[in-house]
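Taking it in order: structure first as structure tokens, then the write-up.
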Amino acid sequence: MDKMEKKETLKRIHAVDLLNCADQVVKVSGWVENYRDLKKIRFIQLKDRTGFIQVTLPQTEVSKEVFDSIQDLTKESVLEIDGLVKKSPQARLGVELIPSKIQIVSKAKAPTPIDMSGKIVSDLSVRLDYRFLDLRNPKSINLFKLRSRVLGFVVDFFENSGFIGINTPKLTSAGVESGAELFKVDYFGKPAYLAQSPQIYKQMMVCSGLEKVYEIGPVFRAEKSHTVRHLTEFTGIDFEQGFIESEQEVMDTVEGLMHFILKHVQEECAEQLIALGLDQKIEVPEKIPRMDMVEVKKLLAENGLKLTAEDDLTPEAEKWLGDYVLKKFNSEFVFVTNYPWAVRPFYHMKPNGDSKGTKSFDLIWKGLEIATGAQREHRYDLLKAQAKEKGLNLDEMKDYSLIFQYGVPAHGGCGLGLDRIMEQLCNLDNIREAILLPRDPERLTP
Ligand code: ATP
Ligand code: MG
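When we follow my numbering, the leftmost residue of the sequence shown carries the number 1, and every step to the right adds one.
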């Protein structure tokens, strides 16, 4: 009786701890990754969040009840097993578990709708329909473990650099960008919009006296883009800093952030990098080249990609530039500076004496934009004139215009996309792989 009670109170241990428990009776739980029945001996490969456990059932060593209980076992079922940990040179981890009790907590339907072993590759859209099952593939789950770490490094970087984390509303009455990309929602009979960026609020909080703020949160874009780099809901990493001399300081912050993230990924995420086949492929940027748009367009023209002075960079131009800087500077990254006023919002500051340019930049990583930033126009009269130039009336944007009337430092900031960062970090073909449950014009489930 005593012995029984002791067994009942066993605490669960995980796969990683098994090696330290040789000759002990332990409890483990997890999903059946594999099951083999060789008649006189049965094997279960059990998986928990830390790894794999080999469970061995020699007919002569386990009770008939235990041996028979897994007769019709299906893959992916959840089991709770008590058993003796035995050293075993043949087992992958050097130990195996000989069960004294097996409880089938939940029997899985067979077969599963997708193959998680990686042998049969399903279409991405089918994988996304069954995303929780797709994550049982080691490659998929390691991608999201890595994403979690990257997010942690972003927070660490900003917290270490004197920025204050903020959370701003995603239900808003209007944005400061064009209205075209806004999702409209019914707010108790009044129209409201899902925030397409925290722009107003981060500028507001710089002016509040916080000086340096960052936010990691959802960003909504009602764009019918069917590309491998656009989602309708993504995770934005936004920051804004006050008392700057120029947009160069904002770029310094972005450079520091990317350096910090990639250095820590390289140093601390070996397991994930190996699982994703990236262990030899991480470049930690030190100094990122900064190229003026005029110079970039000259190079593009020389190579058959002619753009006008007012044009934005096309995806093809970004791709070409990515290859160029890799060859020329041995850098996967490049800042393009001085975007044309024609393609930037009214609040980007113009350089002194240049009414066609802006003190703005994009960061291109391996040929794809991952960030846009700028120094903001903080002088009320100039801001008002710039709004007018874009056909907007600053006085009608009451909440935004107020910010500039009670003491506002020179400031600037930037927005980066976490999903794009993961797409580029992991060399994915599609941004949808980088996000658990993507939202795009066709997909609103699961
Ligand atoms: P693009 O030109 O690629 O459509 P954008 O210039 O409209 O992007 P910004 O408003 O500059 O995007 O947003 C800042 C960052 O947010 C981008 O550099 C990118 O990393 C990310 N981002 C923007 N739009 C999307 C989207 N639809 N899906 C995923 N990430 C996005
Ligand atoms: Mg942009």
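Every residue gets a Cβ at the ideal spot worked out from N, C-alpha and C, and that includes glycine. Owing to the predicted nature of the structure, the values given are computational and were not obtained by experimental measurement.
Report the residue from ASP238, THR232 and THR227 whose alpha carbon sits nearest the alpha carbon of VAL206. Considering only alpha carbons, the answer is ASP238.
Less than 8 Å between the beta carbons of ILE53 and ALA15, yes or no? Yes. Within cutoff.
Can you tell me where the beta strand (DSSP E) holding TRP365 begins and where it ends? Under the DSSP assignment, TRP365 falls in the beta strand (DSSP E) whose first and last residues are 360–365.
Here's the rule: buried if 16 or more other CB atoms are within 10 angstroms of the residue's CB, otherwise exposed. What is ARG221? Residue burial annotation: ARG221 is buried, with at least 16 other C-beta atoms found within 10 angstroms of its C-beta.
Flag PHE43 as yes when its Cβ comes closer than 7 Å to any non-hydrogen atom of ligand 1, and as no otherwise. No, since every heavy atom of ligand 1 falls outside the 7 Å radius drawn around the Cβ of PHE43.
Does DSSP put LEU428 in a helix, a strand or coil? In the structure shown, LEU428 adopts coil according to DSSP, grouped into three states.
With DSSP run on the structure shown, which of helix, strand or coil describes LEU416? In the structure shown, LEU416 sits in a strand (DSSP, three-state: E or B).
VAL185 classed as buried or exposed, judged by whether at least 16 other C-beta atoms fall within 10 angstroms: By the C-beta density criterion, VAL185 is exposed, having fewer than 16 other C-beta atoms within 10 angstroms.
7 Å Cβ shell around LEU231 - same chain, five flanking residues per side excluded: Taken in chain order, the residues that qualify are ASP419, ILE431, ILE435, PRO438, ARG439 and ASP440.
Counting pairs of beta carbons, one from the segment 255–270 and one from the segment 379–392, are three or more of them closer than 8 Å? Contact between the segment 255–270 and the segment 379–392 is absent, because fewer than three Cβ pairs lie under 8 Å.
LYS287 versus PRO340 - alpha carbon distance: If I take the Cα positions, the gap works out to 24 Å.
In terms of alpha-carbon separation, which member of LYS139, PRO409, ASN34 and LYS298 lies closest to SER77? Comparing Cα-Cα distances from SER77 to each of LYS139, PRO409, ASN34 and LYS298, the minimum goes to ASN34.
Terminal residues of the continuous beta strand (DSSP E) containing GLU369? Annotation: the continuous beta strand (DSSP E) that includes GLU369 extends over 368–375.
Sequence-distant residues of the same chain with beta carbon closer than 7 Å to LYS87, five excluded per side: Excluding the 5 residues flanking it on each side, LYS87 has same chain C-beta neighbours closer than 7 Å at ALA22, GLY94 and VAL95, in chain order.
In this structure, what does DSSP give as the bridge partners for GLN103? Per DSSP, GLU80.
One question on the structure: do ASP292 and ASN352 come within less than 8 Å of each other, judged by their Cβ atoms? Not closer than 8 Å, so no.
Beta-carbon within less than 6 Å of LYS145's beta-carbon, same chain only, minus the 5 sequence neighbours each way: which residues are those? Apart from sequence neighbours up to five positions away, the residues of its chain that approach LYS145 with a beta-carbon distance below 6 Å are GLN272, ordered along the chain.
Rounded C-alpha distance that separates LEU18 from ILE421: Note on geometry: alpha-carbon atoms of LEU18 and ILE421 lie some 36 Å from one another.
Return the first residue and the last residue of the beta strand (DSSP E) that GLU240 is part of. Unbroken beta strand (DSSP E) run through GLU240: 233–242.
Give the straight-line distance between the Cα atoms of PHE260 and GLU268, rounded to the nearest whole angstrom. When rounded, the distance between both Cα atoms is 12 Å.
Could you name the residues that DSSP lists as bridge partners for HIS411? Bridge partners of HIS411: GLY242.
Give the range of the beta strand (DSSP E) segment to which PRO138 is assigned. No beta strand (DSSP E) holds PRO138; the alpha helix (DSSP H) holding it covers 138–160.
Return the residue from the list GLU61, GLU159, VAL32 and ASP312 that minimises the CA-CA distance to VAL105. Scanning GLU61, GLU159, VAL32 and ASP312 for the CA closest to the CA of VAL105 turns up VAL32.
Under the three-state DSSP convention, the category LEU194 falls into: For LEU194, the three-state secondary structure derived from DSSP is strand.
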